[in-house]
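Shown next, in structure tokens, is the structure this report addresses.
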Amino acid sequence: MSMLATGTLCGVAHAQDTPVIAADQEDIVVTATKRADGQSVQDVGMAITAFGGDQLESNFVRSLQNLSYDVPNVQLEATGNQPGYANFSIRGQGVNSTIPSIEPTVGVFVDGVYMGVSAGLVLDNFDLEGVEVLRGPQGLLFGKNVTGGAVLLRTTTPGQTLRVAGRVAVETGLNVIASGLVSGDVTPSFPPAGIRAGPFCCA
Numbered sequence: 448m449s450m451l452a453t454g455t456l457c458g459v460a461h462a463q464d465t466p467v468i469a470a471d472q473e474d475i476v477v478t479a480t481k482r483a484d485g486q487s488v489q490d491v492g493m494a495i496t497a498f499g500g501d502q503l504e505s506n507f508v509r510s511l512q513n514l515s516y517d518v519p520n521v522q523l524e525a526t527g528n529q530p531g532y533a534n535f536s537i538r539g540q541g542v543n544s545t546i547p548s549i550e551p552t553v554g555v556f557v558d559g560v561y562m563g564v565s566a567g568l569v570l571d572n573f574d575l576e577g578v579e580v581l582r583g584p585q586g587l588l589f590g591k592n593v594t595g596g597a598v599l600l601r602t603t604t605p606g607q608t609l610r611v612a613g614r615v616a617v618e619t620g621l622n623v624i625a626s627g628l629v630s631g632d633v634t635p636s637f638p639p640a641g642i643r644a645g646p647f648c649c650a
């Protein structure tokens, strides 16, 4: 059991993930097809489940493990013997190992960068713009190590407005986990940038 508390000084609106898009909701855009302008999740011709940033926050998604019950035929679990090591399985394709030389069958990409090892993937996911879970082989678009599928994470793009946000989670066993960020303009000659810190954990 866990309790989450979040706070921000500058709200950012994100898309919602629903089977039917209501009139007052923005259609969620996915980047899995690698098109420059993205595509609506309802127009993508592949087995995909997408989550917007607002939905991740409202569902108290602190790590990818929390999405295991929301995506069919997907288990996003830890190995159980090493903290932070992923044992991701999609449609029965998965590798349960903490040995770095053993490559996974489910690829994880953060802002388009492939995470080559399973270590560090089951940790606090703070300030995400969206998560896309692709089921089935994805070698055509993402290369090797995606026999089972792929998990794409997009962090929030820094804007010109100063933004400060934080999150604190209190879990069973009195574990306290905190994360924070600061983003905005650094100097007029550089594009907006952001700094994320965490998770910091103590018992």
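Add 447 to the 1-based position in the sequence shown for my numbering, that's all there is to it.
Backbone N, C-alpha and C define an ideal beta-carbon position, used for all residues, glycine too.
This one's a predicted model, so the numbers in the text were calculated from it and none came from an experiment.
Within the model, the alpha-carbon separation for Ala640 versus Gly577 is close to 19 Å. Note on geometry: alpha-carbon atoms of Leu575 and Val611 lie some 14 Å from one another. In this structure the stretch 578 to 588 lies against the stretch 490 to 498, because at least three pairs of beta carbons, one per stretch, are closer than 8 Å. Beta bridge pairing from DSSP links Gln522 with Ser536. Spanning the alpha carbons of Val598 and Pro551 requires a straight line of approximately 12 Å.
Collapsing the DSSP output to three states places Ser505 in a helix. Note: Asn622 is bridge-paired with Glu618 in the DSSP secondary-structure output.
Between the stretch 538 to 553 and the stretch 588 to 607 there are three or more inter-stretch CB-CB distances shorter than 8 Å, so the stretches are counted as touching.
Rounded to the nearest angstrom, the Cβ distance from Asn520 to Ile537 is 6 Å, consistent with a contact under 8 Å.
Sixteen is the threshold: when 16 or more other Cβ atoms of the shown chains lie within 10 Å of the Cβ of Pro605, as they do, the residue is buried. 8 Å or more divides the Cβ of Gly627 from the Cβ of Gln607.
Distance from the CA of Leu514 to the CA of Val508, rounded to the nearest whole angstrom, comes to 7 Å. Each of Val518, Asp501 and Glu524 was checked against the Cα of Ser510, and the nearest Cα belongs to Glu524. One Cα belongs to Ala533, the other to Pro638, and the distance between them is close to 34 Å. Measuring C-alpha to C-alpha distances from Val560 to each of Val617, Tyr516 and Thr602 identifies Thr602 as the nearest.
Between the alpha carbons of Glu618 and Ala479 lies a distance of about 33 Å.
Annotated three-state conformation of Leu599 is strand, per DSSP. Collapsing the DSSP output to three states places Gly563 in coil.
Bounds of the beta strand (DSSP E) holding Phe498 are Ile495 to Gly499. Asn572 is positioned such that its CB atom lies closer than 8 Å to that of Leu600. By the criterion of a C-beta distance shorter than 7 Å, Leu503 is surrounded in its chain by Leu575 and Val578, once the five residues flanking it on both sides are discounted.
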